[in-house]
Each structure stands twice: as C-alpha cells, then as structure tokens.
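Trainee: Take a look at the following structure, please.
Protein chains: 2
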Amino acid sequence: MKAIVTVKLKSVVLDPQGQAVLGSLDKLGYDFVKDVRVGKVIELEFDKVRKYDEKVRELTEKLLVNPIIEEYEIKYIGDK
Amino acid sequence: MKAIVTVKLKSVVLDPQGQAVLGSLDKLGYDFVKDVRVGKVIELEFDKVRKYDEKVRELTEKLLVNPIIEEYEIKYIGDK
C-alpha cells in the first residue's frame, strides 16, 4: 500500500520559492494569481505491517519534516 | 479560491531524491518501505476569473511542469 505525505511550510513562514514562482507568473501575465506556496509530496510504497500508521508518522517526523517550520498530512491509498 | 497542483516524476523516470530517502529510511530501520518518490505540490491562491481552469492549466504547463519527465494533476478548493 501507499502513504502520501504532503509537507507544507507553515503559513507564518516565508516561502521564497513560492514568491519566485509568483513573480514569474506575474511577468507572464497571470496576475490573477495572488499567492503561491510550494511544498513537497512524498509517496511511500510499503508492505503492510503491524501498526504501520504509527511507524509512518514516526519516520515522517524523524526524516521528512522539519516540525519547526513545516506541517504535514498523511493519506493512505490501497488495501488497508 | 485555490488550485493545488501536484507534480510527480513519471514512473519511468529515476528519482534520486526518493532513492536517497529510501536509503536513509532503510538505515533507520524502516525497511518495510519498499519505494519512495518525491514530488512537488504548488498551491496557487487566486481571484476567480473567467476560464480560470484553462489559465491554470496553461501556466502549469508553461512554468511549473517539465512535461518530458513530469506529470501533474490539478485540484480546486474553495468557492467555484
């Protein structure tokens, strides 16, 4: 099965990459776009194991996310 | 309203960043994870305009995605 971990910068944190995209969109004439935020999405494919949800949450907090500036959510796809 | 653009490498394309995460997970003992793919998620906040969905698709293909190696999907959130 799969876990989809979506990682975003917290809304209070400045996002220079998003601002760069916003600036480029503006120059290209897409000025109806008011804000851009760029995040990550990490797809983990794994064998179903006991308490996989606890483990996935643990590895996410240990390796994939910086909890000081980022927030995340986890969705599961496939046979539970 | 918001458009959420999720960009992934096509499955035939090697993902070195995902492989690096997979290697680290393995070292940390999370060996039940069999594969990792890392993508981007871009949140666009915009004023509703005429044919916004066409425009969002257009700017995505022009600026956010490399169609040779990446694929994407767009979801809309908020008042349509």
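Quick note, the sequences are listed as chains D and V, same order. According to my numbering, the first sequence is numbered sequentially starting from 65. According to my numbering, the second sequence is numbered sequentially starting from 65. We treat Cβ as the ideally placed atom computed from N, Cα and C, and that holds for glycine. The structure displayed is predicted, hence computed values, not measured ones.
Taking Cβ positions only, does D111(D) come closer than 8 Å to chain V?
Mentor: Reading the first sequence from its first residue, position 47 is the one you call residue 111(D). Closer than 8 Å to some Cβ of chain V, the Cβ of D111(D) qualifies, so yes.
Trainee: In the region 89-111 of chain D, which residues sit with their C-beta less than 8 Å from some C-beta in chain V, listed in chain order?
Mentor: Of all residues in the region 89-111 of chain D, L89, L92, Y94, F96, V97, K98, D99, V100, R101, V102, G103, K104, V105, I106, E107, L108, E109, F110 and D111 have a Cβ within less than 8 Å of some Cβ in chain V.
Trainee: DSSP three-state call for K74(D): helix, strand or coil?
Mentor: To locate residue 74(D), count along the first sequence from 1; it is residue 10. In the structure shown, K74(D) sits in coil (DSSP, three-state: anything other than H, G, I, E or B).
Trainee: Along chain V, in chain order, which residues have C-beta atoms closer than 8 Å to that of L127(D)?
Mentor: Here residue 127(D) refers to the residue found at position 63 when the first sequence is read from its first residue. Those within 8 Å of L127(D) in chain V are V85, S88, L89 and L92.
Trainee: Are the CB atoms of V105(D) and I68(D) within a distance shorter than 8 Å?
Mentor: Indexing the first sequence from 1 puts residue 68(D) at position 4. Indexing the first sequence from 1 puts residue 105(D) at position 41. Yes. Within cutoff.
Trainee: Starting from Y94(V), trace the alpha helix (DSSP H) in both directions and tell me its first and last residue.
Mentor: Here residue 94(V) is taken as the residue at index 30 of the second sequence, counted from 1. Y94(V) -> no alpha helix (DSSP H), and no H or E assigned at all.
Trainee: Roughly how many angstroms separate the alpha carbons of D99(V) and K115(V), rounded to a whole number?
Mentor: In the second sequence, the residue the question calls residue 99(V) occupies position 35. In the second sequence, the residue the question calls residue 115(V) occupies position 51. Taking the straight line joining both Cα atoms gives about 38 Å.
Trainee: Taking 8 Å as the CB-CB limit, is E124(V) close to chain D?
Mentor: If you number the second sequence from 1, residue 124(V) lands on position 60. The question names Glu, but residue 124(V) is Thr in the sequence shown. Closer than 8 Å: no.
Trainee: For K139(V), return the contacting residues in chain D, with the cut-off set at a CB-CB distance below 9 Å.
Mentor: Numbered from 1 along the second sequence, position 75 holds the residue referred to as residue 139(V). Here the premise fails: no neighbours, minimum Cβ distance about 12 Å.
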